[in-house]
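Student: In this note's numbering, the protein residues as written are 3 to 555.
#1: Just grab the DSSP bridge partners of residue 109 for me.
#2: Can you check whether the CB of residue 204 is closer than 8 Å to the CB of residue 189?
#3: Measuring CB atoms only, is the region 328-343 touching the region 386-402, in the sense that at least three cross pairs come out at less than 8 Å?
#4: Output needed for residue 350: all residues of its chain with C-beta closer than 8 Å, excluding positions within five of it in sequence on either side, in chain order.
#5: Given a cut-off of 8 Å on the beta-carbon distance, is the pair residue 39 and residue 13 in contact?
#6: Can you tell which of 405, 482, 551 has its C-alpha closest to the C-alpha of residue 518?
#7: Within the same chain, show all residues whose beta-carbon is closer than 6 Å to that of residue 278, passing over the 5 residues directly before and after it, in chain order.
#8: Quick one: give me the first and last residue of the beta strand (DSSP E) that residue 520 is part of.
#9: CB-CB under 6 Å to residue 103, same chain, minus the five flanking residues each way: which ones, in chain order?
#10: Flag this pair as yes or no: are the beta carbons of residue 271 and residue 197 separated by less than 8 Å?
#11: Considering only the beta carbon of each residue, do residue 186 and residue 148 sit closer than 8 Å?
#12: Hey, could you find the ends of the beta strand (DSSP E) residue 176 is sitting in?
#13: Which complete alpha helix (DSSP H) runs does the region 450-515 hold, if anything under 4 residues is left out?
#14: Could you name the residues that DSSP lists as bridge partners for residue 59?
#15: Just to confirm, is the Cβ distance from residue 46 to residue 538 under 8 Å?
#16: Let me know if residue 61 comes out buried or exposed under the rule of 16 or more other beta-carbons within 10 Å of its beta-carbon.
#17: What are the boundary residues of the beta strand (DSSP E) that residue 264 is part of?
#18: Cβ atoms of residue 118 and residue 134: under 8 Å apart, would you say?
#19: Can you tell me where the alpha helix (DSSP H) holding residue 364 begins and where it ends?
#20: For residue 396, which residues from the same chain have a beta carbon less than 8 Å from its beta carbon, with the 5 sequence-adjacent residues on both sides left out?
#21: Taking the CB atoms as reference points, tell me whether residue 92 and residue 71 lie closer together than 8 Å.
#22: Taking only three categories from DSSP, how would you classify residue 258?
#23: Count the other CB atoms, across all protein chains shown, that sit within 10 Å of the CB of residue 547; report buried if there are 16 or more and exposed otherwise.
#24: Compare the C-alpha of residue 443 against each of 422, 514, 415 and name the closest.
#25: Please give me, in chain order, every unbroken run of the alpha helix (DSSP H) with length at least 4 that falls completely inside the region 118-178.
#26: Taking 8 Å as the cut-off, decide whether the C-beta atoms of residue 307 and residue 352 are in contact.
#27: Taking the C-alpha atoms as reference points, what is the distance between residue 508 and residue 471?
#28: Can you pull the DSSP bridge partners for residue 278?
#29: Quick check: the Cα distance between residue 244 and residue 409, rounded to an integer number of angstroms?
#30: Please report the Cβ distance between residue 295 and residue 88, rounded to the nearest whole angstrom; I am assuming they are in contact, meaning their Cβ atoms lie under 8 Å.
#31: Use the C-beta contact count for residue 3: other C-beta atoms within 10 angstroms, 16 or more gives buried, fewer gives exposed.
#32: By DSSP, does residue 99 sit in helix, in strand, or in coil?
#33: Per DSSP, residue 90 forms a beta bridge with which residues?
#34: How far does the alpha helix (DSSP H) with residue 9 in it reach, from first residue to last?
#35: Excluding five sequence neighbours on each side, which residues of the same chain lie with their C-beta closer than 6 Å to the C-beta of residue 436?
#36: On a CA-only basis, which of 150, 114, 95 is nearest residue 77? Give me that one, please.
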């Protein structure tokens with residue numbers, strides 16, 4: 003069987019200007035080579051009616067894979083098979099997972115966004131621009147202290163870290179400025195991965211270039227000895243940093259295997275940041291398609307909750323339907339089956355693991371939105387297993403469709419697309435978020451833990467309690483909440499699969515992302531700079547003398 007890269011290379015791409023013409027925006031794009039383009043921000047502000055917004059989420063991810071991006075792409079293609087105009091809106095892949103363990107993030111099989119190699123590597127340079135902008139703040143901050151420290155920054159209270167878009171555990175905690183005094187002030191520092199940086203979150207939540215600049219100015223970089231916050235705007239550099247991002251803020255246009263338009267822009271991690279593509283990309287897509295299919299990272303407990311509680315608030319977006327992706331394979335793992343045994347039929351394990359799906363369905367119902375379960379079919383799924391899952395959905399009044407989009411592309415999602423259209427047309431529910439801005443931070447956090455994770459309660463370390471008090475004193479209690487949690491469990495313990503009960507969530511640290519507009523709550527052992535596995539994916543990658551990529555899938 004061909005792998006994703008082999009399939010991608012066999013697809014004859016259309017010049018990107020043809021995709022732009024298909025959307026009627028050929029005069030509003032700037033080509034980056036033959037198959038990629040930047041879309042002007044004016045498209046987002048066109049006086050046109052918005053299309054319908056479909057969010058794709060999933061069960062808790064496992065090693066078996068859920069194929070959420072593959073389903074998103076396949077569904078987007080599927081709309082054209084029922085004569086509906088759609089646009090797909092996705093995040094950009096990070097080089098950390100690409101070179102590490104997880105691999106790329108452009109879909110799979112005959113449901114991919116292309117050019118796959120470009121997307122998984124440097125693309126249009128957006129993530130590099132974000133990295134540079136982030137590190138420019140750090141360089142200018144350190145220079146400010148070296149040159150007299152007019153803002154009275156306490157070097158031991160700097161909270162803004164450098165970043166790099168690779169997994170590199172050795173950079174988590176470092177010391178800079180060593181040696182001669184001309185090397186700057188010696189202090190402790192560290193790196194985040196770029197996709198977990200506040201600049202990435204800001205780019206994806208900004209609604210204009212001016213909004214981007216204002217949000218950058220609001221970033222807290224450090225504190226004075228008496229704990230007064232120092233912002234980027236206090237350093238008078240927000241204009242320079244916004245200038246570095248003037249092209250990166252424009253969304254990117256590419257295409258799928260079936261030439262469906264896809265807008266790929268921004269890539270914040272969902273286990274640390276809010277896990278959604280940019281508001282600008284989504285709003286642009288809504289002006290161009292009758293249906294916009296977007297996704298949020300990991301399961302409904304992370305990406306979907308943040309999409310609905312953070313992104314929809316900041317972007318004034320109202321989703322019309324949610325697609326919850328599940329696989330027989332992953333549900334069997336949640337039911338206790340080892341990865342090596344997944345090819346064997348096991349309805350009993352499936353019946354246990356299905357409780358994970360049940361919780362994610364319950365989470366989506368908290369937002370009062372129509373939903374459908376999309377079963378991503380794999381080769382070794384048996385008739386008995388598929389029958390059990392679909393019957394369970396039917397008995398519990400959960401709309402459900404089986405889709406094989408990896409093998410069949412858009413044709414494999416034709417029925418799913420038809421059901422999504424019906425759900426949207428029949429919907430008379432009113433979308434609501436699960437908490438209000440004016441609630442206390444503790445109330446917001448508890449609401450997420452109980453309603454979305456199924457937790458009993460929330461515990462705080464002494465450090466987190468002190469940080470919460472500081473946040474309240476500084477006037478940030480009305481900020482939204484961005485939970486940083488393991489993606490593989492509904493709890494904060496990655497070893498606990500399925501649908502855990504009678505557990506508490508422990509908040510170990512609380513950080514202010516004043517520019518992004520949310521408070522980050524770190525749980526468990528979530529790290530903002532991942533490490534590489536023993537055998538990283540990079541070991542299987544190569545490039546031929548002709549410049550063709552090998553092993554990039």
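Glycine is no exception: its CB is placed at the ideal position from the N, C-alpha and C atoms.
Tutor: The relevant details are as follows:
#1: As a first step, residue 109 must be located in the chain shown, where it is residue number 107. BP columns for residue 109 point to 114.
#2: Indexing the chain shown from 1 puts residue 189 at position 187. Indexing the chain shown from 1 puts residue 204 at position 202. Cβ distance not < 8 Å, so residue 189 and residue 204 don't count as in contact.
#3: yes
#4: Taking the chain shown and counting its residues from 1, one reaches residue 350 at position 348. So the list reads 337, once near-sequence residues are dropped.
#5: What you label residue 39 is simply residue 37 of the chain shown in a count that begins at 1. What you label residue 13 is simply residue 11 of the chain shown in a count that begins at 1. Cβ distance not < 8 Å, so residue 39 and residue 13 don't count as in contact.
#6: Mapped onto the chain shown, residue 518 falls at position 516. The shortest C-alpha separation from residue 518 is found at 482.
#7: Here residue 278 refers to the residue found at position 276 when the chain shown is read from its first residue. Closer than 6 Å at Cβ, skipping near neighbours: 298, 309, 313.
#8: In the chain shown, counting from the first residue as 1, residue 520 sits at position 518. Segment 520-525, the beta strand (DSSP E) holding residue 520.
#9: Along the chain shown, one-based indexing puts residue 103 at 101. Counting only Cβ-Cβ distances below 6 Å, and skipping sequence neighbours, we find 535.
#10: Locating residue 271 in the chain shown gives position 269, where the first residue counts as 1. Locating residue 197 in the chain shown gives position 195, where the first residue counts as 1. Yes. Within cutoff.
#11: As a first step, residue 186 is located in the chain shown; it is residue number 184 there, counting from the start. As a first step, residue 148 is located in the chain shown; it is residue number 146 there, counting from the start. Result yes, Cβ atoms of residue 186 and residue 148 sit closer than 8 Å.
#12: As a first step, residue 176 must be located in the chain shown, where it is residue number 174. Segment 176-178, the beta strand (DSSP E) holding residue 176.
#13: 464-475
#14: In the chain shown, the residue the question calls residue 59 occupies position 57. Residue 59 is bridged to 326.
#15: For the purposes of this step, residue 46 is identified with residue 44 of the chain shown, where counting begins at 1. For the purposes of this step, residue 538 is identified with residue 536 of the chain shown, where counting begins at 1. It is not a contact, given that the beta carbons lie outside the stated cut-off.
#16: The residue you call residue 61 lines up with position 59 of the chain shown. Buried, since its Cβ has 16 or more Cβ neighbours within 10 Å.
#17: For the purposes of this step, residue 264 is taken as the residue at position 262 of the chain shown. From DSSP, the beta strand (DSSP E) with residue 264 extends over 263-266.
#18: Residue 134 sits at position 132 when you count from the first residue of the chain shown. Residue 118 sits at position 116 when you count from the first residue of the chain shown. The answer is no: Cβ separation not under 8 Å.
#19: As a working note, residue 364 is residue 362 in the chain shown. Element bounds for residue 364: 349-367.
#20: What you label residue 396 is simply residue 394 of the chain shown in a count that begins at 1. 402, listed in sequence order.
#21: Stepping through the chain shown from its first residue, residue 92 is reached at position 90. Stepping through the chain shown from its first residue, residue 71 is reached at position 69. Their beta carbons are under 8 Å apart, which means residue 92 touches residue 71 by this criterion.
#22: Counted from its first residue, the chain shown places residue 258 at position 256. Residue state, collapsed to three classes: strand.
#23: As a working note, residue 547 is residue 545 in the chain shown. Burial call: exposed.
#24: Locating residue 443 in the chain shown gives position 441, counting from the first residue. Considering only alpha carbons, the answer is 514.
#25: 118-122, 128-148
#26: The residue labelled residue 307 in the question sits at position 305 within the chain shown. The residue labelled residue 352 in the question sits at position 350 within the chain shown. In this structure, residue 352 does not lie closer than 8 Å to residue 307 by Cβ.
#27: As a first step, residue 508 is located in the chain shown; it is residue number 506 there, counting from the start. As a first step, residue 471 is located in the chain shown; it is residue number 469 there, counting from the start. Answer to the nearest angstrom: the Cα atoms are 17 Å apart.
#28: The sequence position of residue 278 within the chain shown is 276, counting from 1. Bridge partners of residue 278: 298.
#29: Sequence index remark: in the chain shown, residue 244 carries index 242 (1-based). Sequence index remark: in the chain shown, residue 409 carries index 407 (1-based). Distance between the alpha carbons of residue 244 and residue 409: 43 Å.
#30: Reading the chain shown from its first residue, position 293 is the one you call residue 295. Reading the chain shown from its first residue, position 86 is the one you call residue 88. Rounded, the Cβ-Cβ distance is 6 Å, consistent with contact.
#31: Residue mapping note: residue 3 aligns to position 1 of the chain shown, counting from 1. Residue 3 comes out exposed.
#32: Here residue 99 corresponds to residue number 97 of the chain shown, with the count starting at 1. Residue 99 falls in the helix class under three-state DSSP.
#33: Here residue 90 is taken as the residue at index 88 of the chain shown, counted from 1. For residue 90, which the question treats as bridged, DSSP gives the partners 264, 295.
#34: As a working mapping, residue 9 is identified with position 7 in the chain shown. It spans 6-12 - the alpha helix (DSSP H) in which residue 9 sits, taken as one unbroken run.
#35: Against the chain shown, residue 436 aligns to sequence position 434. So the list reads 368, 449, 453, once near-sequence residues are dropped.
#36: Sequence index remark: in the chain shown, residue 77 carries index 75 (1-based). Closest by alpha carbon: 114.
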